[in-house]
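In the working numbering, the protein residues as written are 13 to 174.
Quick look at the structure:
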């Protein structure tokens, strides 16, 4: 792969991750300031909406595959999932009116859970993503979004709000 092609792929992947992060930040902020008991459901629906978009999914899959096969891809995914520069945490901070970008530990403090709980929720979602969109394992691959939310949201909710 040429450097230009790799840069273009990385830019497209970053754009897709940014869109996913923005959707998650909006859902998270709405849940934190409103119906916290629906946090996992809203986050999961926001994530599924991005993954189900035929324009976005290939770019998200590129990011996932890069994270699994290269250190540079893994570093981008770590940044996306935990750092203040992540679209999730930077946009969540803005949505909540916090003057600085948040990191995973500060989000955990807001939720009043250990940061490890956020990792557990992330693992649940990324495991779902791998089975549904990469491996295409049935029945999860063809399940409706409502069915996915019904099964996965209660566990994710427990991680995020205790």
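Even glycine gets a Cβ: it sits at the ideal position worked out from N, Cα and C.
Nearest residue (CA-CA) to residue i, options the options
i: residue 165; options: 146, 148, 151, 140; result: 140
i: residue 154; options: 60, 98, 136; result: 60
i: residue 173; options: 119, 152, 151; result: 119
i: residue 37; options: 99, 146, 117, 111; result: 99
i: residue 167; options: 78, 144, 132; result: 132
i: residue 146; options: 76, 115, 87, 125; result: 76
i: residue 56; options: 138, 123, 117; result: 138
i: residue 126; options: 28, 171, 156; result: 171
i: residue 30; options: 64, 79, 80, 102; result: 102
i: residue 3; options: 122, 65, 89, 96; result: As shown, the chain starts at 13 and ends at 174. That puts residue 3 outside it, with no answer to give.
i: residue 115; options: 92, 84, 136; result: 92
For residue i, the first and last residue of its enclosing alpha helix (DSSP H)
i: residue 107; result: 99 to 107
i: residue 118; result: 116 to 123
i: residue 133; result: 127 to 141
i: residue 165; result: 157 to 173
Within-9 Å CB hit, residue i to chain D
i: residue 59; result: Protein chain content of the structure displayed is limited to a single chain, and chain D is not contained in it.
Q.
Using 8 Å as the cut-off, can you tell me whether the segment 154 to 162 makes contact with the segment 42 to 61, which would need three or more C-beta pairs spanning the two stretches below that distance?
A. yes
Q. Unbroken alpha helix (DSSP H) runs of length 4 or more, entirely within the segment 15 to 88: which are they?
A. Entirely contained in the segment 15 to 88, the alpha helix (DSSP H) runs reaching 4 residues are, in chain order, 15 to 45, 51 to 64, 69 to 81.
Q. Per the contact definition of three or more C-beta pairs closer than 8 Å, is the segment 66 to 76 in contact with the segment 20 to 37?
A. yes
Q. Just checking, does the segment 101 to 108 make contact with the segment 37 to 47 on the three C-beta pairs under 8 Å criterion?
A. yes
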